[in-house]
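A.B. asks: The structure under discussion is supplied below as structure tokens; questions concerning it will follow.
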Amino acid sequence: MKLYVKTFGCQMNVHDSRRIEEIFRSAGYTMTVDPREADVALINSCTIREKAWHKAISETGRLRKLKRGRRDIIVGIVGCVAQQEGERIFDLIPGVDMVIAPDHYGQLVELVEEVKLREDTLVLTGFDRGRPEDFLTPGPGTSRREATAFVTIMKGCQERCAYCIVPTVRGPERHRPIEDVESEVRGLVASGVVEVTLLGQKVNAYQSGEVGFAELLRRLDSVEGLERLRFTSPHPRHMTPDVTSSFGRLRSLCESIHLPVQSGSSRILSRMGRRYNVEDYLLVVSKLREACPAIGISTDLIVGYPGETNEDFAETLALIDRVGFSGAFSFKYSPRPGTRAASLDDDVPQDEKVRRLDAVHERIENLERRWRGSMVGTKLEVLVTNEGRMPGQVSGRARNSQIVNFVPTDGSTIDDLVGRLVEVEVTAAHSHSLEGKPAIR
Ligand code: SF4
């Protein structure tokens, strides 16, 4: 039996798809990247961004055509969109057999069997209770020893930002017991993982009994063999001094953070319900830089939010320059059904949103280029994870999150190097990556 999974949306969805694959693998399935070979085809889509959902709909259209010739293939929609749309998906996209929300992935294999038996559609939405067993997480991949892994430490969000559907589709915050997190990380390290990324919608709000996020970082830092620790996505409101001061102090905590700001205007932040202002954000940035001067700070930005004036947008551009972000995911605002912001007047014209987005892209690209250029001639520790694009090249990430490609000079192959930390001298900076050569010790 073969499983095809196509993922659209955020990192949480990418992680969930790996988790789904693991569940099906343990039931005897193999994976395929060709839907024509699949017995089960799942579309895992985020509903946070309109674009992701539109792409998912068109992918489902392809599967529908496929299903005309292969009636036995089971087509399922999973992800936040399943939670939000539920049964409506069957009207929206004919040919779908099952709609399963994220908190029911543990039962997916059984649900596929049930759909086959019933010869009818099936929908399962709603939230789990956050019990330890509800935090299913995959081990490292089986095809090649993996060097990195995601570990979910909390799920859901109670922040209620006005534009965001996450609290509705992922439910209230549920935090995983510290013992479970520690034991999973130790297990991953024992199987060869050297870098762990802690995952949660508001990851730094983590709390397990008396143990908060900073203490969790400290405990994981003491796991022998864990070389690198990262986390995503933090909320600026929970970047407390004990968290910011962990950078530069904890051996494994990498010099990189993705810290969503969304807007450079305090007025717009307030309309977004972000519960911090620009000064609060800048204070966190200065604490991070104080603790770890080399830290790379990337962010998320929304342009054209309802009521965003030229002056508000100018403040966003000013903030980009002031912080000197090392990268950003930037989006044009689009109303998402079911959010508070959807009832606001979407008053920034499309062409103005496009102009603002272009201006943000241009600024961020300049900053990225400058930042990458500053690394030429320096040495970076690279964790090798996969083959590079050019023949003979291997690729990995530096601690500051930059992708670095290089050709091994000692005859090592990718299989020898996956999971190894290699010191690389950077020789060139490209638009999305760095190039280098193994450093001579
Ligand atoms: S913090 Fe805000 S943007 Fe992030 S998931 Fe929660 S509600 Fe959404």
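If you're matching positions, the sequence shown starts at 1 in this note's numbering and goes up one per residue. All C-beta atoms, glycine included, are put in the ideal place defined by N, C-alpha and C. In this text, all values refer to a predicted model and were calculated from it rather than measured experimentally.
1) Does any heavy atom of ligand 1 sit closer than 7 Å to the C-beta of residue 159?
2) For residue 315, count the other beta carbons within 10 Å of its own beta carbon; 16 or more makes it buried, fewer makes it exposed. Which is it?
3) Mind checking whether the beta-carbon of residue 235 lies closer than 7 Å to any heavy atom of ligand 1?
4) With 8 Å set as the bound, which would you pick, yes or no: does the beta-carbon of residue 389 sit closer than that to a beta-carbon of chain B?
5) Looking only at its own chain, which residues have a Cβ that is under 7 Å from the Cβ of residue 396, when we skip the five neighbours before and after it?
6) What is the DSSP secondary structure of residue 438, counted as helix, strand or coil?
7) Quick one: measure Cβ to Cβ for residue 165 and residue 84, integer angstroms, because I've assumed they're closer than 8 Å.
8) Does the beta-carbon of residue 44 have 16 or more other beta-carbons within 10 angstroms, so that it is buried, or is it exposed?
9) Suppose only complete runs of 3+ residues qualify. What are the beta strand (DSSP E) ranges in the region 26-68, listed by chain order?
10) How about residue 269 and residue 234: do their beta carbons lie closer than 8 Å?
11) Identify the continuous beta strand (DSSP E) that holds residue 4 and give its terminal residues.
12) Would you mind working out which of 327, 361, 304, 351 sits nearest residue 335, comparing C-alpha positions?
13) What is the DSSP secondary structure of residue 201, reduced to helix, strand or coil?
14) Just to confirm my understanding: we take residue 318, look at its own chain, exclude 5 residues before and 5 after, and list those with CB closer than 8 Å. What are they?
15) Comparing C-alpha positions only, which one of 106, 346, 427 sits nearest to residue 27?
16) Counting C-beta neighbours from all protein chains within 10 Å, is the total for residue 306 16 or more, i.e. buried, or is it exposed?
17) Quick one: what's residue 429 bridged to in DSSP?
18) Select from 438, 212, 407 the residue whose C-alpha is nearest the C-alpha of residue 422.
19) Nearest to residue 226 by CA position, among 192, 274, 284, is which residue?
20) Following the continuous alpha helix (DSSP H) through residue 362, name the residue where it begins and the one where it ends.
21) Is the region 407-417 close to the region 171-180, with three or more CB pairs under 8 Å?
22) Span of the alpha helix (DSSP H) holding residue 77?
23) Quick one: give me the first and last residue of the alpha helix (DSSP H) that residue 179 is part of.
24) Taking 7 Å as the line, does the beta carbon of residue 10 fall inside it for any heavy atom of ligand 1?
25) Rounded to the nearest angstrom, what separates residue 37 and residue 248 at their Cα positions?
26) Rounded to a whole number of angstroms, what is the C-alpha to C-alpha distance between residue 142 and residue 24?
27) Check each candidate in 299, 239, 328 and name the one with the smallest Cα separation from residue 284.
28) What's the gap between the Cα of residue 144 and the Cα of residue 14?
29) Under 8 Å, with one C-beta from each stretch per pair, do the region 319-327 and the region 344-357 reach the 3-pair mark?
30) Quick one: is residue 202 buried, meaning 16 or more other Cβ sit within 10 Å of its Cβ, or exposed?
31) Would the region 326-334 and the region 360-378 be scored as touching if the rule is three or more Cβ pairs under 8 Å?
32) Helix, strand or coil for residue 326, going by three-state DSSP, please let me know.
33) For residue 257, report the span of its beta strand (DSSP E) as first-last.
34) What residue range does the alpha helix (DSSP H) around residue 193 cover?
35) Do you know how far the Cα of residue 255 is from the Cα of residue 160?
36) Inspect the beta-carbon positions of residue 187 and residue 153 and report whether they are closer than 8 Å.
C.D. replies: In terms of the structure at hand:
1) Stepping through the sequence shown from its first residue, residue 159 is reached at position 159. For ligand 1, at least one heavy atom lies less than 7 Å from the Cβ of residue 159.
2) Start at 1 with the first residue of the sequence shown, and residue 315 comes out as number 315. By the 10 Å Cβ count, residue 315 comes out buried.
3) Working through the sequence shown from its first residue, we reach residue 235 at position 235. Because some heavy atom of ligand 1 lies under 7 Å away, the Cβ of residue 235 counts as near it: yes.
4) Chain labels in this structure do not include chain B; a single protein chain is all it has.
5) Reading the sequence shown from its first residue, position 396 is the one you call residue 396. Closer than 7 Å at the Cβ level, and outside the excluded window around residue 396, lie 382, 383, 384, 385, 404.
6) Counting from one through the sequence shown, the residue named residue 438 turns up at place 438. Three-state result, residue 438: strand.
7) If you number the sequence shown from 1, residue 165 lands on position 165. If you number the sequence shown from 1, residue 84 lands on position 84. Their Cβ separation, rounded to whole angstroms, is 6 Å, which keeps residue 165 and residue 84 in contact under 8 Å.
8) Your numbering for residue 44 matches position 44 in the sequence shown. Per the 10 Å Cβ criterion, buried.
9) 40-45
10) Taking the first residue of the sequence shown as position 1, residue 269 is located at position 269. Taking the first residue of the sequence shown as position 1, residue 234 is located at position 234. Not a contact, by the Cβ cut-off of 8 Å.
11) Within the sequence shown, residue 4 is the residue found at index 4, counting from 1. From DSSP, the beta strand (DSSP E) with residue 4 extends over 2-8.
12) Locating residue 335 in the sequence shown gives position 335, counting from the first residue. Of the listed residues, the one whose Cα sits closest to residue 335 is 304.
13) Numbered from its first residue, the sequence shown carries residue 201 at position 201. In the structure shown, residue 201 sits in coil (DSSP, three-state: anything other than H, G, I, E or B).
14) The residue you call residue 318 lines up with position 318 of the sequence shown. Result list for residue 318: 264, in chain order.
15) As a first step, residue 27 is located in the sequence shown; it is residue number 27 there, counting from the start. Closest option to residue 27, Cα to Cα, is 106.
16) Counting from one through the sequence shown, the residue named residue 306 turns up at place 306. Residue 306 should be labelled buried.
17) Mapped onto the sequence shown, residue 429 falls at position 429. Residue 429 is bridged to 434.
18) Residue numbering aside, residue 422 sits at position 422 when the sequence shown is read from its first letter. Considering only alpha carbons, the answer is 438.
19) Counting from one through the sequence shown, the residue named residue 226 turns up at place 226. Out of 192, 274, 284, 192 has the C-alpha closest to the C-alpha of residue 226.
20) Taking the first residue of the sequence shown as 1, we reach residue 362 at position 362. That run of the alpha helix (DSSP H) goes 350-373.
21) no
22) Here residue 77 corresponds to residue number 77 of the sequence shown, with the count starting at 1. Note, residue 77: premise wrong, no alpha helix (DSSP H); beta strand (DSSP E) at 74-78.
23) As a working mapping, residue 179 is identified with position 179 in the sequence shown. Here the alpha helix (DSSP H) through residue 179 covers 178-190.
24) Residue 10 sits at position 10 when you count from the first residue of the sequence shown. No, ligand 1 has no heavy atom inside 7 Å of this Cβ.
25) Working through the sequence shown from its first residue, we reach residue 37 at position 37. Working through the sequence shown from its first residue, we reach residue 248 at position 248. Whole-angstrom Cα-Cα distance: 49 Å.
26) The residue labelled residue 142 in the question sits at position 142 within the sequence shown. The residue labelled residue 24 in the question sits at position 24 within the sequence shown. Because the pLDDT at residue 142 is just 41, under 50, the model does not fix this residue reliably, and the value given afterwards should be weighed accordingly. Straight-line Cα distance between these residues: approximately 13 Å.
27) The count along the sequence shown starts at 1 and reaches residue 284 at position 284. Considering only alpha carbons, the answer is 239.
28) Position 144 of the sequence shown, counting from 1, holds the residue named residue 144. Position 14 of the sequence shown, counting from 1, holds the residue named residue 14. Bear in mind that the predicted position of residue 144 carries a pLDDT of just 45, short of 50, making it too unreliable to give a figure here.
29) no
30) By 1-based counting over the sequence shown, the position of residue 202 is 202. Under this definition residue 202 is a buried residue.
31) yes
32) Mapped onto the sequence shown, residue 326 falls at position 326. Looking at residue 326 - three-state DSSP - the assignment turns out to be coil, as it is neither helix nor strand.
33) Along the sequence shown, one-based indexing puts residue 257 at 257. Where residue 257 is concerned, the enclosing beta strand (DSSP E) stretches over 256-258.
34) Counting from 1 along the sequence shown, the entry for residue 193 is found at position 193. Neither: residue 193 is in no alpha helix (DSSP H) and is coded neither H nor E.
35) Taking the first residue of the sequence shown as position 1, residue 160 is located at position 160. Taking the first residue of the sequence shown as position 1, residue 255 is located at position 255. Approximately 29 Å, taken between the alpha carbons.
36) Position 187 of the sequence shown, counted from the first residue, corresponds to residue 187. Position 153 of the sequence shown, counted from the first residue, corresponds to residue 153. Not closer than 8 Å, so no.
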